[in-house]
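To start, the structure itself, in structure tokens.
Numbering (our numbering), first residue to last: 332 to 617.
Set out below in structure tokens:
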């Protein structure tokens with residue numbers, strides 16, 4: 332609901348995945364079994380109504396759904412991130428299955444991006460100056476199955492072993508959090524993702540045989556600002572602005588595609604109302 336902005340404000344077990352420096356903000360020990368996330372477009376909803384959930388990520392089935400609806404968009408994502416975290420340390424598992432697709436106007440080619448990840452992660456944080464500065468790092472072992480084709484012929488083969496790539500990588504992230512001891516606690520957050528680039532060259536054939544490896548993920552840097560006003564004994568809010576991939580921003584003529592903004596109103600630690608802006612799209616949640 333907050334536009335995807337998270338790296339300066341997350342202070343729970345999801346810090347392990349979003350900004351490892353925020354592990355230093357955790358106050359207790361947390362163990363989560365699933366931490367499920369689900370995203371779905373309208374076409375996905377129609378698909379699940381008629382078929383099993385597993386078919387929602389099956390490319391031949393997606394083609395069947397989109398062929399009668401040229402130029403319509405399809406998106407689906409499921410993610411599970413069970414973890415064990417405590418102050419300054421965390422370990423977890425990763426399961427993520429995500430697909431975005433669009434059929435062209437002639438219903439002959441599919442623009443599709445599909446990623447299916449399984450892996451494990453470990454992270455830690457160093458607290459300095461009574462926690463006002465936090466420096467974190469994480470390492471991931473990740474196996475990925477990927478399809479990234481802007482013009483996949485729907486009349487050709489659509490099985491993953493033919494059109495997809497598979498490989499395993501070691502990935503590293505680094506995070507920084509600076510929290511100033513002033514009113515509203517101004518906070519600066521930064522994350523360097525995929526340090527040195529993440530290459531899926533460690534092992535293939537782990538989950539399927541494919542003719543190629545997934546694309547290398549280039550190093551990127553995300554930065555964010557956060558404010559935490561206290562309006563009363565039972566009313567607080569969070570405000571954050573985040574900018575993605577600062578190092579490569581000059582390569583993009585539309586900076587709005589990199590902006591994430593979010594705000595949250597917290598009433599008595601019981602009700603949370605959220606609104607945001609995610610790369611040109613407005614968001615909301617509670």
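Just so it is clear, CB atoms sit at the ideal spot from N, CA and C, and this is done for glycine as well.
Because the structure is a prediction, the values reported are computed rather than measured.
- DSSP places residue 349 inside the alpha helix (DSSP H), whose first and last residues are 346-349.
- Taken through DSSP and simplified to helix, strand or coil, residue 559 comes out as coil.
- With contacts defined as CB atoms closer than 7 angstroms, residue 424 and residue 434 fail to qualify as a contacting pair.
- Taking the Cβ atoms as the reference, residue 468 lies roughly 5 angstroms from residue 505, within the contact range of under 8 angstroms.
- With respect to the 7 angstroms criterion, residue 475 and residue 549 are not classified as neighbours on the basis of their beta carbons.
- Excluding residues up to 5 positions away in sequence, 393, 397, 405, 441, 442 and 443 lie with their Cβ nearer than 7 angstroms to the Cβ of residue 432 in the same chain.
- Fewer than three beta-carbon pairs drawn from the segment 405-422 and the segment 507-527 are found closer than 8 angstroms, and the two stretches are therefore not classed as touching.
- With a cutoff of 7 angstroms on beta-carbon distance, residue 551 and residue 534 are scored as not near each other.
- For residue 426, the CB contacts under 6 angstroms within the same chain, skipping 5 residues up- and downstream, are 411 and 449 in chain order.
- In terms of Cβ geometry, residue 430 and residue 388 form a close pair [threshold 7 angstroms].
- Secondary structure at residue 478: strand, using DSSP grouped into helix, strand and coil.
- Straight-line spacing of the CA atoms in residue 596 and residue 497 works out to 43 angstroms.
- Sorting 610, 473 and 567 by C-alpha distance to the C-alpha of residue 499 places 473 at the top.
- Contact between residue 616 and residue 332 holds: CB atoms are separated by about 2 angstroms, below the 8 angstroms threshold.
- Following the DSSP letters along the chain, one finds residue 523 inside the beta strand (DSSP E) bounded by residues 518-524.
- For residue 439, same chain residues with a beta-carbon under 8 angstroms away, outside a window of 5 residues either side, are 484, 485 and 486 in chain order.
- It is roughly 30 angstroms from the alpha-carbon of residue 421 to the alpha-carbon of residue 608.
- The C-beta distance from residue 343 to residue 357 rounds to 7 angstroms, short enough to fall under 8 angstroms.
- Put simply, of 361, 518, 522 and 481 the residue whose alpha carbon is nearest the alpha carbon of residue 576 is 522.
- With at least 16 other beta carbons inside 10 angstroms of its own, residue 569 counts as buried.
- Note: residue 333 is not bridge-paired with any residue in the DSSP secondary-structure output.
- Residue pairing by DSSP places residue 617 opposite no residue, since no beta bridge is assigned to it.
- Runs of the beta strand (DSSP E) lying entirely within the segment 421-481, each at least 3 residues long, are 440-459 in chain order.
- DSSP lists 567 and 603 as the beta-bridge partner residues of residue 597.
- With contacts defined as CB atoms closer than 7 angstroms, residue 350 and residue 338 qualify as a contacting pair.
- Here DSSP, grouped into helix, strand and coil, assigns residue 551 to strand.
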